[in-house]
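Chemist:
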Amino acid sequence: GVRAIAIGFLVTEILGCISIFIVSSKIYGYKLVMRIQDMWKPILSSIVVCFVCSMPFFRMEIPLLEIFVKIVVALLVFLLMSVLLRDNNVHEIKKIIYNQIKQ
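Under the numbering used here, the first residue of the sequence shown carries the number 14, and numbering increases by one thereafter.
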């Protein structure tokens, strides 16, 4: 069923990440501790976004409206978290979007 597919996908992703961790550590010297230091801010932001969007007051009778509201709220919360945590990834994304629009 769907649960088995999700679990299989999760296991596959974890194994893939482990292999990438090993290769990047040996080739580039990008250790696991460095990777965790780079990833804790986006992971924390994602957890907060997930928590906020799962709040019961975002339940609506019109599914399409609910999805739209949750997308907007998720974007706003993620941006707010990125500003509060001073995450440099937002600045990089902003530069990429700006360069794409400029072209």
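Heads up, the beta-carbon is just placed ideally off N, CA and C, and yes, glycines get one too.
What is the C-beta distance between Cys66 and Lys54, in whole angstroms, given that I count them as a contact (C-beta under 8 Å)?
Modeler: At roughly 19 Å, the Cβ-Cβ gap does not stay under 8 Å, so Cys66 and Lys54 are not in contact.
Chemist: Along the chain, which unbroken stretches of the alpha helix (DSSP H) at least 4 residues long are found entirely within the region 49 to 85?
Modeler: Entirely contained in the region 49 to 85, not one alpha helix (DSSP H) run reaches 4 residues.
Chemist: Can you say whether Asp100 is buried or exposed, counting buried as having 16 or more other CB atoms within 10 angstroms of its CB?
Modeler: Classification of Asp100: buried, given that the 10 Å Cβ count is 16 or more.
Chemist: So what does DSSP say about Gly42, is it helix, strand or coil?
Modeler: Of the three classes helix, strand and coil, the one that applies to Gly42 here is coil, per DSSP.
Chemist: In angstroms with no decimal places, state the Cα-to-Cα distance between Val46 and Cys30.
Modeler: For Val46 and Cys30, the distance between alpha carbons rounds to 14 Å.
Chemist: What are the start and end residues of the alpha helix (DSSP H) that includes Gln113?
Modeler: Its alpha helix (DSSP H) spans residues Asn101 to Lys115.
Chemist: Measure the alpha-carbon distance for Ser59 versus Phe91 and round it to whole angstroms.
Modeler: Approximately 7 Å between the Cα atoms of the pair.
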